[in-house]
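Chemist: One structure, pasted below without further comment.
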Amino acid sequence: MRPEDDCQRCRLCEGRARLVMPDGDPRSPLALVGEAPGAKEDEQGRPFVGRSGKLLDRLLEEEGLSRSTVYITNTVKCRPPGNRAPTQEEMDVCFPFLEEELADRVVIITLGRSAARDLLRRDVRLKDEVNRPQEITIRGSKKLLIPAYHPAASIYNAKVKDSLRETFRIARTCLEDRRTFLSKGT
Ligand code: URA
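Residues -16 to 169 in my numbering are what the sequence shown lists, from first letter to last.
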């Protein structure tokens, strides 16, 4: 299931140029979930292609990952006006699409507070929860969710960049541990 090209399920349809659908490897066990498309994403129809996306690509590569090996999406597929955060109602309307996208993932990194709230279904104080993996269930299957800072917050902040690098290292370790666990047949 994906939103129809003329999706009008919420009022975000009024201001968008296009839907911004996921990017990266559609079969990747690792998903990154951002907040919402910005101006560049709305123009190009791909997530994280603007300034924070370039930084995200660079940090992923520094940690041995890349856009082409992970799955990248957003809580909502249309740009909120003026780059405001999506409302709970807008995220709820788009949630069935996100659930479907994540149903087969193993590890999910949420980038920023909106994405963490959307998937944890509760309020989140990022600074208390960043880089602490927790289990969530999507459509009956368990996943590890790692709350992370949004790359936009790291543009002028070296500590946030380090935190994001750490997020990607944790995600790799979680995926490797799971592979070892499965190959031992335990
Ligand atoms: N910020 C996001 O959260 N998502 C994008 O796709 C771009 C910027």
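Every residue, glycine too, gets a C-beta built ideally from N, C-alpha and C.
DSSP beta-bridge partners for Val90?
Modeler: Leu13 and Leu127
Chemist: In terms of alpha-carbon separation, which member of Leu15, Val76 and Gly(-2) lies closest to Ala22?
Modeler: In terms of CA proximity to Ala22, Gly(-2) leads the group Leu15, Val76 and Gly(-2).
Chemist: According to DSSP, what are the bridge partners of Tyr54?
Modeler: Gly7 and Ala14
Chemist: Between the Cα of Pro63 and those of Leu158, Leu(-5), Lys144 and Asp87, spot the shortest distance and give me the residue it belongs to.
Modeler: Among Leu158, Leu(-5), Lys144 and Asp87, the Cα nearest to that of Pro63 is on Leu(-5).
Chemist: My output table needs one value for Thr120: the three-state DSSP class, helix, strand or coil.
Modeler: strand
Chemist: Which word fits Glu84, buried or exposed, when buried means at least 16 other C-beta atoms lie within 10 angstroms of its C-beta?
Modeler: buried
Chemist: Looking at ligand 1, does it come within less than 6 Å of Pro20, judged from the CB to the closest heavy atom?
Modeler: For Pro20, the shortest C-beta to heavy atom distance toward ligand 1 is below 6 Å.
Chemist: For Leu158, I'd like the list of residues in its chain whose CB is within less than 7 Å of its CB, leaving aside the five on either flank, ordered along the chain.
Modeler: Pro12, Leu13, Val89 and Val90
Chemist: Return the first residue and the last residue of the alpha helix (DSSP H) that Leu103 is part of.
Modeler: Arg96 to Leu103
Chemist: Can you tell which of Ser166, Cys61, Ser146 and Pro9 has the C-alpha that lies nearest to the C-alpha of Gln(-9)?
Modeler: Cys61
Chemist: DSSP three-state label for Pro79, please.
Modeler: helix
Chemist: Does the segment 63 to 82 touch the segment 33 to 42, meaning 3 or more C-beta pairs lie closer than 8 Å?
Modeler: no
Chemist: With Asn57 and Gly17 assumed to form a contact (beta carbons below 8 Å), what rounded beta-carbon distance in angstroms separates them?
Modeler: 5 Å
Chemist: What's the call for Pro130, buried or exposed, on a 16-neighbour Cβ count within 10 Å?
Modeler: By the neighbour-count rule (16 or more Cβ atoms within 10 Å), Pro130 is buried.
Chemist: Taking the straight line between their C-alpha atoms, what separation do you get for Leu172 and Asp(-11)?
Modeler: Missing from the structure shown is residue 172; the chain here goes from -16 to 169 and no further.
Chemist: How big is the Cα-Cα spacing for Glu24 and Pro5?
Modeler: 11 Å
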